[in-house]
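Those protein sequences? They're chains A and B, same order as listed. So the first sequence is numbered by numbering that gives the first Met the number 0: it starts at 0 and just counts up by one. So the second sequence is numbered by numbering that gives the first Met the number 0: it starts at 0 and just counts up by one. Each residue gets a CB set at the ideal place from its N, CA and C atoms; glycine is no exception. Read through the structure below, which is laid out as structure tokens, and then see the notes.
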Amino acid sequence: MKAENDSAQGPRMPAAPRHPGTWQSLAGLWCLTWRSQLSWRKSLAILLHVLGLPLLGYLRASSFQSMGGWMLFTIDLYTFLALPLFCLHSFGGLVRDDLQEDTACYTLTRPIRRWQFLVGQYTCQCLWTCIIVALTYLAFGSMWWLQEVEGWLPVMLGLMSVAVPAILVYGAISSLMGLLTRKYLVLGLIYGCVIEFGVGQIPTNLHSLSMTHHLKDLLALHPEIGAHLVRDSAQPWLSLLMLAMATLISLGVGCLLFTHREYLQAEDMSR
Amino acid sequence: MSAPIIEARQVSRWYGLVMGLNHISFDILPGITGLVGPNGAGKSTLIQIITGQLKPSSGTLTVLGHTPWNHPPTLARLGYCPEKEALPEHLRPLEWLTGLGLLSGLPRQQVGPIASASLAKVRLREADWGKRLGQFSKGMRQRVKLAQAIMHQPDLLVLDEPMNGLDPMGRQEIATILKELAAQGVHILISSHILAELEPLCRNIMILNWGRVMATGARHHIRSGLTDWPEQLTVLCEDPEALAALLFEGGHLLGFDAHQEEGRLTFRIKDPQGFFPQWASLVRESDQAIHEIRSGNRSLQTLFNKVTHS
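Put into structure tokens, the structure is as follows:
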């Protein structure tokens, strides 16, 4: 090929390796993910997330009779309310945020399959969310330590260990919601009310549909926490299986959707 | 003749009831090609299909021999600089380029130096490398956008309005960079509203209007194909009337307008293919000094106006 312009430049250097491996694409996405989380606005939101509820709990500490009160406050308000909402917000916007900011075109035109891109984004967001959630539980732990609550360390570690599957499953479901509709927050709230808080509380087999139900089963495995949770017949392996299935199915459907559906201005223009 | 780098066959694209592209077929040849058209002509839609961001509703479009949608080997050979100004506001240019470089398959050890070299190539001042992208001016944004498009040494560079927001000197610099890249063998598809910028860069153009390809190919071929639009020349000479008489007697003119005092003759040519080979001998025969010859309707702007009836 010969171009029509005749600038006195030599031939190009041989091209760099063309395909990023799995780890390299993850490294690239991680590089873009965590740095973009450190804006002033987002940093403040993170600070509020990490310290908000622990401080609120600390201020209300006098009303808690025991470690049990404190723990139920943490589990009910943070693990099964604030954390799912946080996941809905951050994972729902996994692709949507970039689309809204018109910056998705820079990453979507890179040599990476769309499903790999989505899984990479999901993984990076999981990692980031785990860090935030770990910091939050550390903040809870610090409050317990300040108040000299007995046996706080195993409780904190127990909550942290269950936070990982919680982030994976809530994150996958939220990602799928974000790919399904721009109004993923509304969809997520409806899902939460109907499935997690509605069906999940009904003592029939239908409650297997609720991820909260399975996560509580896992929490009950920790003796310090289980003593305060009322669980009839916890089946941890079944719960783990259900959580894994929900994660994989949500992620799989999300990948299929993202591979075959366009997410650029086409959607807006067709309205 | 070289094989086309982009081939489209009966490509249509709908947005609901709105038609973005209407059964277009074309070949884009190697080198620099200008994509021109008024707003809403379908330029951005076409560029998004070429860069694998959208799929055609019908028809086929191949880039470097493959359909670009979800095809990493093709995307690896593409560099894309979008029209939109949006950038990740909180990142610094090197951070952003490093992330994108890794996604483009650049080796981890080399991605930092390559990112720096790309920023230097687009002449972004080193003092600005520490600023966040959100603090960048329009011109600086254009440069950093171009840097991310060229950093992985693509074979085809797709640029959507790359000169927007640049001052004249900046435009000149970007044009020089593009010429250098073209000289190194990079194919470039460049869309711009500012036709005067494309004129010195592109020999090949594609004119889009209302989602259809109005003309495509080398500029002089497009011009020659417009047989119902007579070629018009303006000549500054000593005796315009005498020159007009000579040309008229030779049966070359469709009409003329001579201004004796200004020494200016504007004339429309009957048969450009037959006329231009004789033009030099006709000038010699007229035995007068010709100070300037200007083509009235060969510029990209007039060609564009004629083709799009604007």
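Next on the checklist: According to DSSP, is A243(B) part of a helix, a strand, or is it coil?
Outcome noted: helix
Next on the checklist: If I measure Cβ to Cβ from L250(A) and keep anything under 6 Å in the same chain, skipping five residues before and after, which residues do I get?
Outcome noted: A171
Checklist entry - Can you name, in chain order, every residue of its own chain whose Cβ lies under 8 Å from the Cβ of R113(A), other than the five neighbours on each side? => result Excluding residues within five positions, the ones whose Cβ falls inside 8 Å are L107, C254, F257 and T258.
Checklist entry - DSSP puts Y57(A) in a beta bridge; with which residues? => result In the DSSP output, where bridge partners are listed per residue, Y57(A) has none listed.
Checklist entry - Based on the DSSP secondary-structure assignment, which residues constitute the bridge partners of Q231(B)? => result R267(B)
Checklist entry - Is it right to say L188(A) is buried, meaning 16 or more other beta carbons lie within 10 angstroms of its own, or is it exposed? => result Under a 10 Å Cβ-count criterion, L188(A) is classified as exposed, with fewer than 16 other Cβ atoms of the shown protein chains found around its own Cβ.
Item to check | Buried versus exposed, by CB contacts within 10 Å (16 or more), P10(A) | outcome: Only weak support exists for where P10(A) lies, its pLDDT of 40 falling under 50; the value from the coordinates is given anyway. The residue is exposed, with fewer than 16 neighbouring Cβ atoms inside 10 Å.
Checklist entry - Could you give the residue range of the alpha helix (DSSP H) that holds I109(B)? => result In the sequence as displayed, the identity of residue 109(B) is Gln instead of Ile. Element bounds for Q109(B): R107 to K120.
Checklist entry - By how many angstroms is the C-alpha of M139(B) removed from the C-alpha of I292(B)? => result 40 Å
Checklist entry - Which whole-angstrom value describes the C-beta separation of P92(B) and L53(B), a residue pair presumed to lie in contact below a C-beta threshold of 8 Å? => result Contact between P92(B) and L53(B) does not hold, since their C-beta atoms are separated by about 28 Å, which reaches or exceeds 8 Å.
Checklist entry - Does the Cβ-Cβ distance between G210(B) and G27(A) come in under 7 Å? => result no
Checklist entry - For V157(B), which residues does DSSP report across the bridge? => result Y79(B) and L188(B)
Item to check | Every unbroken alpha helix (DSSP H) within the stretch 64 to 102 of chain A, with a cutoff of 4 residues, ordered by chain | outcome: 66 to 72 and 82 to 99
Checklist entry - What do you reckon, are the CB atoms on L158(A) and Y190(A) nearer than 7 Å? => result Judged by their CB atoms, L158(A) and Y190(A) are not nearer to each other than the 7 Å cut-off.
Item to check | Selection of the stretch 245 to 258 of chain A by Cβ proximity to chain B, strictly under 8 Å | outcome: Of all residues in the stretch 245 to 258 of chain A, T258 have a Cβ within less than 8 Å of some Cβ in chain B.
Next on the checklist: Quick check on E94(B) - is its C-beta less than 7 Å from some C-beta in chain A?
Outcome noted: yes
Checklist entry - Can you tell me the Cα-Cα spacing of P67(B) and S42(A), whole angstroms? => result 38 Å
Checklist entry - Which class does M210(A) belong to by DSSP, given the choice of helix, strand or coil? => result helix
Checklist entry - What did DSSP end up calling D388(B) once you bin it into helix, strand or coil? => result Outside the shown range of chain B (0 to 309) lies residue 388(B), about which nothing can therefore be said.
Checklist entry - What does T50(B) touch in chain A if you count any residue whose Cβ is under 7 Å from its own? => result T108
Next on the checklist: Can you confirm whether P167(B), when its beta carbon is compared against all beta carbons of chain A, has any partner nearer than 7 Å?
Outcome noted: no
Next on the checklist: Taking a contact to mean a Cβ-Cβ separation below 7 Å, would you say Q99(A) touches L101(B) in this structure?
Outcome noted: no
Item to check | Given 8 Å, three or more beta-carbon pairs between the stretch 134 to 153 of chain A and the stretch 176 to 191 of chain B | outcome: no
Item to check | Three-state class that DSSP yields for C236(B) in the structure shown | outcome: strand
Checklist entry - How many whole angstroms separate the CB atoms of L90(B) and L132(B), which I take to be in contact at a CB cut-off of 8 Å? => result 6 Å
Checklist entry - What first and last residue would you give for the alpha helix (DSSP H) that runs through W13(B)? => result Segment I5 to Y14 is the beta strand (DSSP E) holding W13(B); no alpha helix (DSSP H) there.
Item to check | Range of the contiguous alpha helix (DSSP H) that encloses L117(A) | outcome: If you look at L117(A), you'll find it in the alpha helix (DSSP H) that goes R113 to L145.
Checklist entry - Between the beta-carbon of D101(A) and the beta-carbon of A85(B), is there less than 7 Å? => result yes
Checklist entry - A219(A) by DSSP, collapsed to three states: which one? => result coil
Checklist entry - Going straight from the alpha carbon of M0(A) to that of G30(B), what length do you get? => result Confidence is the limiting factor: at M0(A) the pLDDT is only 34, short of 50, which leaves the residue's position unreliable and the question unanswerable from this model.
Checklist entry - Taking Cβ positions only, does P16(A) come closer than 7 Å to chain B? => result Confidence in P16(A) is poor, its pLDDT being 47 and thus under 50, which makes the residue's placement unreliable; the coordinate value appears in the next sentence. Chain B, which has a Cβ nearer than 7 Å to the Cβ of P16(A), makes this yes.
Next on the checklist: I need the straight-line Cα distance from G177(A) to R12(B), nearest angstrom please.
Outcome noted: Approximately 25 Å, taken between the alpha carbons.
Checklist entry - Hey, would you say S174(A) sits closer than 7 Å to I194(A), going by beta carbons? => result no
Checklist entry - Between A265(A) and chain B, is there a C-beta pair that is closer than 7 Å? => result Residue placement at A265(A) is flagged as unreliable, the pLDDT there being 44, under the threshold of 50; the coordinate-derived value follows with that caveat. Closer than 7 Å: yes.
Checklist entry - Under three-state DSSP, which class holds T215(B)? => result strand
Checklist entry - Who are the neighbours of T97(B) on chain A, taking C-beta pairs under 7 Å? => result C30
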